[in-house]
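Residue numbers (this note's numbering): 571 to 828.
Note that the Cβ used here is the ideal one computed from N, Cα and C, for glycine as well.
Note that the structure is a prediction, hence the values are computed from the model and not measured.
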C-alpha cells in the first residue's frame with residue numbers, strides 16, 4: 571500500500587506559529603467578541619447588584635414549666651408559626667401593599683438543646699422596619715399562646731395545692747396512728763406542687779430583628795466580571811478561528827469555481 575507523501579501530513583498539521591498568525595490576522599474578531607462579552611458581564615453585574623441586604627434575627631425564650639422544659643414543644647410552636655401566623659401575615663401584607671411577593675423571607679428555627687425560637691429574615695435596610703413588624707407580630711402571637719398555656723398550668727397547680735392543703739388540714743385534725751403518715755405524704759405532695767408553681771417562667775423576647783452581617787449574593791459583582799473576562803477570552807479565540815475557517819472555506823469554493 572502506498573503511503574501519502576510526507577508533505578501531505580505537514581500541510582494538514584497546524585503549529586503554534588500558525589495559531590498565533592490566525593489570532594493576529596483575525597485580531598479584530600478576537601477583540602470585538604471578547605469586548606462584547608466583557609461588557610455584557612459588567613452590565614449584568616451592575617443590574618444584579620442592587621441594595622445590600624442584611625440578616626435580621628429575633629430570639630424568643632419560651633415559657634417554661636421548669637428550667638430547660640418549655641410549656642409547649644418547640645416543634646409545636648414552629649408549626650403554628652409556619653402554618654398559621656406566617657401565611658396570615660403574608661396575605662395581609664400583599665393586600666395592604668398590593669404586591670404579589672414580599673421583599674423578604676422568613677426562617678424559623680429552634681437551636682438544639684434549648685427552649686429558644688429564632689426568626690431570621692434577609693432584607694435591605696430600607697425594609698428593616700417591615701421585618702421588625704413581621705417578627706413582632708409573629709412572636710406576639712406565639713407569646714400569647716404560651717402565656718395562655720402557662721396560666722392554665724398555674725391554675726391547675728393552684729387548684730391542686732388548695733385541694734391538698736384542705737386534705738392535710740383535715741388529717742392533722744384527726745387522732746389516729748395512720749394520720750401521721752398520711753399527713754407526711756400530703757406535706758411532701760404539697761411541697762412538690764408549690765415547687766412546680768414556683769418553677770413556672772414567663773416567655774420573653776430576647777432580641778427583636780437584630781442586624782447581622784451583610785449578605786452576599788450567589789455571585790458577587792467582581793466574580794461576574796472575572797468570569798466575563800475568562801469567557802470573553804475563550805469566545806474571542808473561537809470567533810477568530812471561526813472567521814479564519816469561514817474565509818478558508820470561501821476561498822476553497824472560489825478556487826473550485828475557477
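1) Helix, strand or coil for residue 647? Go by DSSP, reduced to three states.
2) What is the residue span of the beta strand (DSSP E) that residue 693 lies within?
3) Can you look up residue 579 in the DSSP assignment and give me helix, strand or coil?
4) Apart from the five residues on each side of it in sequence, which residues of its chain come closer than 8 Å, Cβ to Cβ, to residue 675?
5) Taking the continuous alpha helix (DSSP H) assigned at residue 660, which residues delimit it?
6) On the premise that residue 596 lies in contact with residue 780, defined as a C-beta separation below 8 Å, what is that separation, rounded to the nearest angstrom?
7) Determine the closest residue to residue 774 out of 820, 627, 712, 723, with distance taken between C-alpha atoms.
8) Runs of 4 residues minimum, wholly inside the region 589-639: which ones carry the alpha helix (DSSP H) assignment?
9) Exposed or buried, what is residue 748 when buried is set at 16 or more other beta-carbons lying within 10 Å of its beta-carbon?
10) Just to confirm, is the Cβ distance from residue 666 to residue 776 under 9 Å?
11) Leaving aside the five residues before and after residue 614 along the sequence, list all residues of the same chain whose C-beta is less than 7 Å from its C-beta, in chain order.
Let me spell this out:
1) Position 77 of the chain shown holds residue 647. Judged by DSSP in its simplified three-state form, residue 647 adopts helix.
2) Counting from one through the chain shown, the residue named residue 693 turns up at place 123. Per DSSP, residue 693 belongs to the beta strand (DSSP E) from 686-694.
3) On the chain shown, position 9 is the one that residue 579 refers to. In this prediction, residue 579 has a pLDDT of 42, which is less than 50 and means its spatial position is unreliable; what the coordinates show is noted afterwards. The answer is helix: DSSP assigns residue 579 an H, G or I state.
4) Start at 1 with the first residue of the chain shown, and residue 675 comes out as number 105. Contacts found: 691, 692.
5) Position 90 of the chain shown, counted from the start, is the residue given in the question as residue 660. Note, residue 660: alpha helix (DSSP H), 656-667.
6) On the chain shown, residue 780 is found 210 positions in, with the first residue counted as 1. On the chain shown, residue 596 is found 26 positions in, with the first residue counted as 1. Incorrect: roughly 58 Å between the Cβ atoms, too far for contact.
7) As a first step, residue 774 must be located in the chain shown, where it is residue number 204. Nearest of 820, 627, 712, 723 to residue 774, Cα basis: 712.
8) Listed in chain order, the complete alpha helix (DSSP H) runs (minimum 4 residues) inside the region 589-639 are 597-619.
9) In the chain shown, counting from the first residue as 1, residue 748 sits at position 178. Within 10 angstroms of the beta-carbon of residue 748 lie fewer than 16 other beta-carbons, which makes it exposed.
10) Working through the chain shown from its first residue, we reach residue 666 at position 96. Working through the chain shown from its first residue, we reach residue 776 at position 206. Taking 9 Å as the Cβ cut-off, residue 666 and residue 776 do not qualify as a contacting pair.
11) Within the chain shown, numbered from 1, the residue matching residue 614 stands at position 44. Result list for residue 614: 794, in chain order.
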